[in-house]
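*Asks:*
Residue numbers (this note's numbering), protein chains in the order written: chain Y, 638 to 953; chain A, 151 to 266.
1. What would DSSP say about residue 676(Y), mapped onto helix, strand or coil?
2. Closest to residue 763(Y) by C-alpha separation, out of 735(Y), 921(Y), 871(Y), would be which residue?
3. Anyone know if the C-beta pair for residue 156(A) and residue 203(A) falls short of 9 Å?
4. Sorted by chain position, which residues of the same chain lie with C-beta nearer than 8 Å to residue 900(Y)'s C-beta, five sequence neighbours on each side aside?
5. Taking residue 208(A) as the query, report the chain Y residues whose CB atoms sit under 7 Å from its CB, ordered along the chain.
6. Enumerate in chain order the residues of its own chain whose CB-to-CB distance from residue 823(Y) is below 8 Å, with the five nearest sequence positions on each side excluded.
7. For residue 733(Y), which of 943(Y), 855(Y), 932(Y) has the nearest alpha-carbon?
8. Starting from residue 859(Y), find everything on chain A with Cβ-Cβ shorter than 7 Å and list it in chain order.
9. Let me see if you follow: with CB-CB separation under 9 Å, is residue 778(Y) close to chain A or not?
10. Mind pulling the chain D residues with CB within less than 8 Å of residue 204(A)?
11. So residue 890(Y) and residue 926(Y) are supposed to be a Cβ contact under 8 Å. How far apart are they, rounded?
12. What separation, rounded to the nearest whole angstrom, lies between the Cα atoms of residue 759(Y) and residue 743(Y)?
13. Given residue 655(Y), which residues of its chain have a CB within under 8 Å of its CB, disregarding the five upstream and five downstream residues?
14. Counting contacts by CB-CB distance shorter than 9 Å, is residue 881(Y) in contact with chain A?
15. Here's the rule I'm using: 16 or more other beta-carbon atoms within 10 Å means buried, otherwise exposed. How should residue 160(A) be labelled?
16. Give me the DSSP bridge partner(s) of residue 184(A).
17. Could you name the residues of chain A that residue 869(Y) contacts, counting a contact when the two beta carbons are closer than 8 Å?
18. Please identify the residue among 880(Y), 863(Y), 882(Y), 935(Y) whose C-alpha is closest to the C-alpha of residue 896(Y).
19. Does DSSP put residue 682(Y) in a helix, in a strand, or in coil?
20. Just tell me which of 906(Y), 681(Y), 951(Y), 775(Y) has its CA closest to the CA of residue 857(Y).
21. Taking residue 231(A) and residue 243(A) to be in contact with their CB atoms under 8 Å, please state how far apart those CB atoms are, rounded to whole angstroms.
22. Using beta-carbon positions only, say whether residue 692(Y) and residue 681(Y) come within less than 9 Å of one another.
23. At what residue ranges does the region 871-912 of chain Y contain a whole run of the beta strand (DSSP E), taking only runs of 3 or more?
24. Are any of the Cβ atoms in chain Y nearer than 9 Å to that of residue 198(A)?
25. When you compare only the Cα positions, how much space is there between residue 851(Y) and residue 715(Y)?
26. On the CB-based measure, 16 or more other CB atoms within 10 Å of its CB, does residue 780(Y) come out buried or exposed?
27. Rounding to the nearest angstrom, what Cα-Cα distance links residue 208(A) and residue 684(Y) in this structure?
28. How about the region 824-842 of chain Y and the region 777-796 of chain Y: do they share at least three Cβ pairs that are nearer than 8 Å?
29. For the beta strand (DSSP E) containing residue 211(A), list its first residue and its last residue.
30. Cβ closer than 8 Å: which chain A residues qualify as neighbours of residue 866(Y)?
31. Alpha carbons only, please: which of 777(Y), 834(Y), 869(Y) is nearest the one belonging to residue 844(Y)?
32. Report the neighbours of residue 851(Y) on chain A: residues whose CB is nearer than 7 Å to its CB, in chain order.
33. For residue 725(Y), is the classification buried or exposed, using 16 other Cβ atoms within 10 angstroms of its Cβ as the cut-off for buried?
34. Report buried or exposed for residue 168(A), applying the criterion of at least 16 other Cβ atoms within 10 angstroms of its Cβ.
35. Out of 206(A), 241(A), 165(A), point me to the one whose CA is closest to residue 862(Y)'s CA.
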């Protein structure tokens, strides 16, 4: 149910003291989203917006959620007040015909959105803690290497300068003119060159000293690397476990899609359903925190979509 | 040849990408390790990886192993003799004991000759 609010008109309270409110209405009110488009305000769990709103701007507004209004050059400024989107939103937050979907990953995220835990979670947390404890690799060696490089380049340039200054002095002598300035220039160029050559040598020694400790640092890299791989494997296992747990719910959701608007499934493989169908089913299985942007023709109204999905919907 | 070793997931992925993109420069690739041609282009790719990943990428230059130049003849002979031994289960220490073959601990402490 969406309401339009004219400027200057305040929203009336929707309940009077003593009036009983159903659980569904209470839940709806908690989940209720406020969406402002230009000077219009919409509020509720099932919002039908005019198609003139850019879906990209709307998605950005949901992600920005309560911050600066999102406006593109053509359209009105959009703000959305809603809970912050979770990882599931990346997969099923914006439903449109050209979308792609990594169905199993999305389904696993749906599981997480429901607060599901896996048998791998303890090990995952421990591995992540150990990785964090290892700290980030220090980039000191690179800094020292850059210093050497800088000095070497300065030395090369200054060598040319010294050669040029020598040439100048020689030319002055041959021309029989005053050589004082040219001699001073040459002395200065040589002085600078010597300074940088010394600095370059020192920098190379520091680099060599740093490199002596490289093996220990690589040992730490190796520990980090092993943990990273371990964590990636555990995450993969956890995802597979969640997909296994939710497979039936997902299948049921696919079957429950409105027959009239749902394309035929290409094969028996549940995960080969078209992306919009898959995403709808995943969203229904999950508990998306933020409203879903429906930019397709699967449902006649935001209310119908909301009833089917069980979460707030903004329909374009 | 340039031996390039990755020490992180991201470095490994970058190395794989480089190897896939420049097959003609890759002599061998084994997951997180690759042997690149010792050309400027090979060095260029290796250095790019080092720029991107710091010490999570290690670069070494390799040379063909000249066993005659780098290793004493006694060590070479010991290797041949040990592989040719009659008692398969005999560890090297026992095998070498009482012979002219070099002692394992001494060999561990001895560096190879430098390239000539």
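Glycine included, every Cβ here is placed at the ideal spot set by N, Cα and C.
In this text, all values refer to a predicted model and were calculated from it rather than measured experimentally.
*Replies:* So, from the data block:
1. Residue mapping note: residue 676(Y) aligns to position 39 of the first chain, counting from 1. DSSP places residue 676(Y) in coil when its eight states are reduced to three.
2. Taking the first chain and counting its residues from 1, one reaches residue 763(Y) at position 126. Comparing Cα-Cα distances from residue 763(Y) to each of 735(Y), 921(Y), 871(Y), the minimum goes to 871(Y).
3. For the purposes of this step, residue 156(A) is taken as residue 6 along the second chain, with counting starting at 1. For the purposes of this step, residue 203(A) is taken as residue 53 along the second chain, with counting starting at 1. Cβ distance < 9 Å, so residue 156(A) and residue 203(A) count as in contact.
4. For this step, residue 900(Y) is matched to residue 263 along the first chain. Result list for residue 900(Y): 911, 914, in chain order.
5. Walking along the second chain from the start, residue 208(A) turns up at place 58. Those within 7 Å of residue 208(A) in chain Y are 855.
6. Taking the first chain and counting its residues from 1, the one referred to as residue 823(Y) is at position 186. Here the set comprises 799, 802, 803, 805, 806.
7. For the purposes of this step, residue 733(Y) is identified with residue 96 of the first chain, where counting begins at 1. Per the Cα distances, 932(Y).
8. Start at 1 with the first residue of the first chain, and residue 859(Y) comes out as number 222. Those within 7 Å of residue 859(Y) in chain A are 157.
9. Your numbering for residue 778(Y) matches position 141 in the first chain. True, the Cβ-Cβ gap to chain A drops below 9 Å.
10. Looking for chain D here will not work: the only protein chains present are Y and A.
11. Within the first chain, numbered from 1, the residue matching residue 890(Y) stands at position 253. Within the first chain, numbered from 1, the residue matching residue 926(Y) stands at position 289. Not really, about 19 Å apart at Cβ, beyond 8 Å.
12. Within the first chain, the letter at position 122 stands for residue 759(Y). Within the first chain, the letter at position 106 stands for residue 743(Y). Approximately 22 Å between the Cα atoms of the pair.
13. On the first chain, residue 655(Y) is found 18 positions in, with the first residue counted as 1. Reliability of the predicted coordinates at residue 655(Y) is poor, the pLDDT of 49 falling under 50, and the value obtained from them is presented with this limitation in mind. Excluding positions up to five away in sequence, the list is empty.
14. Here residue 881(Y) refers to the residue found at position 244 of the first chain. It does not; no Cβ of chain A falls within 9 Å.
15. For the purposes of this step, residue 160(A) is taken as residue 10 along the second chain, with counting starting at 1. Per the 10 Å Cβ criterion, exposed.
16. Numbered from its first residue, the second chain carries residue 184(A) at position 34. 154(A), 179(A), per the DSSP bridge assignment.
17. Sequence index remark: in the first chain, residue 869(Y) carries index 232 (1-based). By Cβ distance, chain A contributes 159.
18. In the first chain, residue 896(Y) corresponds to position 259, counting from 1. Residue 896(Y) has its Cα closest to that of 935(Y), out of 880(Y), 863(Y), 882(Y), 935(Y).
19. Walking along the first chain from the start, residue 682(Y) turns up at place 45. If DSSP states are grouped into helix, strand and coil, residue 682(Y) belongs with coil.
20. By one-based count along the first chain, residue 857(Y) stands at place 220. Taking only the C-alpha atoms, the option nearest residue 857(Y) is 775(Y).
21. Residue numbering aside, residue 231(A) sits at position 81 when the second chain is read from its first letter. Residue numbering aside, residue 243(A) sits at position 93 when the second chain is read from its first letter. Contact flag wrong, Cβ pair sits at about 14 Å.
22. Counting from one through the first chain, the residue named residue 692(Y) turns up at place 55. Counting from one through the first chain, the residue named residue 681(Y) turns up at place 44. No. Outside cutoff.
23. none
24. Indexing the second chain from 1 puts residue 198(A) at position 48. No, no contact with chain Y.
25. The residue you call residue 851(Y) lines up with position 214 of the first chain. The residue you call residue 715(Y) lines up with position 78 of the first chain. Each residue's Cα considered, the two are about 53 Å apart.
26. As a working note, residue 780(Y) is residue 143 in the first chain. Classification of residue 780(Y): exposed, given that the 10 Å Cβ count is below 16.
27. To locate residue 208(A), count along the second chain from 1; it is residue 58. To locate residue 684(Y), count along the first chain from 1; it is residue 47. Taking the straight line joining both Cα atoms gives about 56 Å.
28. yes
29. If you number the second chain from 1, residue 211(A) lands on position 61. Counting along the chain, the unbroken beta strand (DSSP E) around residue 211(A) starts and ends at 207-211.
30. By one-based count along the first chain, residue 866(Y) stands at place 229. The contacting residues are 159.
31. Taking the first residue of the first chain as position 1, residue 844(Y) is located at position 207. Of the listed residues, the one whose Cα sits closest to residue 844(Y) is 777(Y).
32. As a working mapping, residue 851(Y) is identified with position 214 in the first chain. Under the 7 Å cutoff, chain A gives 205.
33. For this step, residue 725(Y) is matched to residue 88 along the first chain. The residue is buried, with at least 16 neighbouring Cβ atoms inside 10 Å.
34. In the second chain, residue 168(A) corresponds to position 18, counting from 1. The residue is buried, with at least 16 neighbouring Cβ atoms inside 10 Å.
35. Mapped onto the first chain, residue 862(Y) falls at position 225. It is 206(A).
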